[in-house]
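In what follows, a structure is listed as structure tokens, so that the remarks can point back to it.
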Amino acid sequence: MGRTAPGFPAVRMPGMGLRRRILLVFLLFTLALAVLAGRLVTIQVVRGEALRQKALDMRLWQVPVQARRGDIVDRNGRPLATSTDVDTVYVAPAELQEAARKGQVDIEQAAQELARVLHMDPQEVYEKLTVPHAFWYVKRRVTDAESRAVRQLDIPGVHITQEARRFYPKGELAAHVLGFAGVDNQGLEGIEAYYDGKLSGKDGYIATEYDALGRPIRLPTVQARYVRPVPGLTLRLTIDETIQYIAERELERAVIQHGAKGGVIVVMDPRTGGILALASRPTYDPNRFADFPRQSWRTKPVADAFPPGSIFKIITGSAAVDAGKVTPDTIVDDPGFLTVGGETISNWNQAGLGSVPFREGFAHSSNVVFGKMALALGKPLFYQYLDRFHIGRLTGIDLPGEATGIVPPMDRASPLDLAIMGFGQTLTTTPIQMAAAVAAVANDGMWQTPHLAQAWLDPEGQVVEEVQPAERRQVIKPETARTIRELMRGVVEQGTGSRARIPGYDVGGKTGTANKVEKGRVVQKYIGSFAGLVPVEEPRLAIVVSIDEPSGIYYGGYVAAPVFQAVARDVLRYLGVPPTREERADPKRLRQVPNLMNLTRQEARQRAQAAGFEVTFEGGGPRVVGQFPAAGAQLEQGSTIILYTEAAFRQDEEGRVTVPDLRGLDYAAAAERLAAAGLQMEVRGDREGVVAGQQPAAGTRVPIGSVVTVIFRSPASR
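Per UniProt numbering, the sequence shown runs over residues 1 to 718.
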């Protein structure tokens, strides 16, 4: 049964096809339900929380609440950078558009009114009011008058919030230390940029829930979210506001006095590595940084490298003494030149010292002596000491943009390169590198990372972190450092650094003058520098001064040493550092300065010594064309008279120099400025007064040695 007879077609049972179709539909329906159920499980369980948060985020509009940026204070807690609250105008476009739909406001008219009170372009305001965003700034950090005007307009969707504006209460003071913060509360330059993370804190926000039409949901169960901002930490610097002021005041005076392109001063506490002052010219006001050329923002003591010149002899001398190559009493032959690799090196004044103790070669800044010292050390040892003093590598100071300077690779440095590096040419350093090196000598050979940050404080003023130098390393032996300090004392007392003397204090230093290098070529532009420490026995200050492209005399002993003297003198008084020796003026030792003008070098020296004075020459010319103090002045016997020869002055091919501007100067300052220019002075009027006129006029080109008639007038007669 169930089989068909052969030769007959099969007969289908009724309802079989229908059942199969029903089964197929059922299976497909079941599969669809399973997929849907799986999808629901994914949405509700697996991705449920994320999707709910996304939906909430679409309904929540956030208004940022800016964190208060941490203050920056000097080491005594005096504010250098702080933040003040100012109003900012913003728009919630959906709220504004909902009000427009209800006829409560006309957006174009609102844009016109806002533009009028905010002093903006109407089209710009309209575009901001209609952006496809939940929140948009219309104008940030508005004035009080603008804020009041916006409130009076009372435009729906246009609101006011508060932001912090960075304020620098001392204006230009310490501008290159502080840098500045931008409109978004982000540090852009200086300390503000370097420590931006700790200073900026963490912003908060206020979030309000809106419906699909952009209307705020004001139900009892719906509350605005407020995430409180976390304020930044306060930074206490090693900078001392008073010392910074002294440094900037004296640098400004020197730049103006010498008609210089600019200059830098670094003042360090050698015991800690802390920077007490860091000054640079040209400068700017961080409150209005956009009004100044970008070049004026540059932190030159850290970012600019140039040939250090003879102040580098402190490092070469330290290496030679530390390595046992020389002692202060070692006799070194200085014929005035040194031939290396077929090339001849000469001294700065084209003269030789003869066979002299090393201490005398140091005091008189002999290039020949220091070229020999570098050659005696040899390349491996010389480069080892460069590395110890961080020459050719970063010091690690906490400022952005630090330069390493340039040192010829050791495998490519020739003996000539080595000899020239010994007196500070062929390589470049930054002022901060040289300041750290001088501080190491002052600190018995212990090199420390120069730093500006002293401590971090919380908003309540409690210290949360003390900042220590990143590196402390013994680079030369303590006895070597003490020897070098004594040699530096000789520079000031008997050598080229006499203008750095401070009555009552033992001062050590080194003068330096270097040609600038532009596009790989040495040019006839100069930087005059002085690096010093005081007091010599237990130094409290290490100071580097560099004057960039001074007019007239450009030697470091003339343009930079007096700046060191003025800064160190006032800072020592401010710090209450007691004098290290008693200075007594002896009227019996006062002598009248002789007239040494137009004499040969030998004649001038003989006449000065006959009168009881020593002399030092600026420039390598054969004849004296300027002197300081001027003839007739009273000076203590044994003091040094500075004599200027033709080669000390910037002159044209016809031997002419520029007459300086003397207006407003007293007698001493006018006499000094004329001597520096290679000119003589004829006095008319009351020399107790100030300069009221001069002939020839300032800017006139005249032959070296010409007489300038200077008219003095007492303040009472003006």
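Glycine included, each C-beta is placed from N, C-alpha and C at the ideal position.
- In this structure, Gly341 lies away from Leu353, with their beta-carbon atoms at least 8 Å apart.
- In this structure Gly309 is buried. Its beta-carbon is surrounded by 16 or more other beta-carbon atoms within 10 angstroms.
- Sorting Gly157, Val86, Ala145 and Arg701 by C-alpha distance to the C-alpha of Arg101 places Gly157 at the top.
- Within the stretch 356-433, the complete alpha helix (DSSP H) segments at least 4 residues long are 358-363, 367-377, 379-388 and 415-421, listed from N- to C-terminus.
- In the same chain as Ala435, and ignoring 5 residues on each side of it, the C-beta atoms closer than 7 Å to its own belong to Val266, Met268, Pro450, Ala542 and Val544, in chain order.
- The beta carbons of Val624 and Leu599 sit closer together than 8 Å.
- Assigned with DSSP and collapsed to three states, Asp269 falls in strand.
- The alpha-carbon separation between Arg673 and Gln257 amounts to approximately 8 Å.
- The beta carbons of Leu377 and Ile406 sit no closer together than 8 Å.
- Within the DSSP secondary-structure output, Ile641 pairs in a beta bridge with Val615.
- The beta carbon of Pro282 is closer than 7 Å to those of Gly262 and Ser296 in its chain, skipping five residues each way along the sequence.
- DSSP, reduced to helix, strand and coil, places Leu662 outside both helices and strands of the structure shown, so it counts as coil.
- Beta-bridge partners assigned by DSSP to Glu172: none are found.
- With contacts defined by Cβ atoms closer than 8 Å, Val710 and Val659 do not form a contacting pair.
- Per DSSP, the continuous beta strand (DSSP E) segment holding Tyr526 begins and ends at Arg521 to Val534.
- By the criterion of a C-beta distance shorter than 6 Å, Ala633 is surrounded in its chain by Val593, once the five residues flanking it on both sides are discounted.
- Per DSSP, Gly274 is one residue of the beta strand (DSSP E) stretching across Gly274 to Arg281.
- Closest by C-alpha distance to Val491, out of Gln425, Ser551, Ala561 and Asp304, is Ala561.
- For the pair Arg482 and Met373, the Cα-to-Cα distance works out to about 19 Å.
- The stretch 102-120 makes no contact with the stretch 159-167; the number of CB pairs closer than 8 Å stays below 3.
- With 16 or more other Cβ atoms inside 10 Å of its own Cβ, Asp398 counts as buried.
- Between Ala413 and Leu375, the CB-CB gap reaches or exceeds 8 Å.
- Looking at the backbone, the Cα of Arg19 and that of Arg39 are separated by about 30 Å.
- For Ala164, there is no enclosing alpha helix (DSSP H); the residue is found in the beta strand (DSSP E) stretching over Val158 to Phe167.
- For Gly685, same chain residues with a beta-carbon under 6 Å away, outside a window of 5 residues either side, are Ile711, Phe712 and Arg713 in chain order.
- Using a 10 angstroms sphere on the CB of Glu518, the tally of other CB atoms stays under 16, which defines it as exposed.
- Looking only at Ser365, Arg249, Glu146 and Thr242, the smallest Cα-Cα distance to Arg489 is reached by Ser365.
- Excluding the 5 residues flanking it on each side, Gln606 has no same chain C-beta neighbour closer than 8 Å.
- Straight-line spacing of the CA atoms in His159 and Leu129 works out to 12 Å.
- Annotation: Pro270 to Asn443 spans about 6 Å, alpha carbon to alpha carbon.
- Between the stretch 526-533 and the stretch 503-514, the count of C-beta pairs closer than 8 Å reaches three or more; the two stretches touch.
- In this structure, the CA atom of Gln694 is about 28 Å from the CA atom of Ala566.
- Rounded to whole angstroms, the Cβ separation of Gly445 and Pro478 is 5 Å, and the two are in contact under 8 Å.
- As the crow flies, the alpha-carbon of Phe564 is around 6 Å from that of Ala500.
- Secondary structure at Met597: coil, using DSSP grouped into helix, strand and coil.
- Linking Arg573 to Val142 through their CA atoms gives a straight-line distance of about 45 Å.
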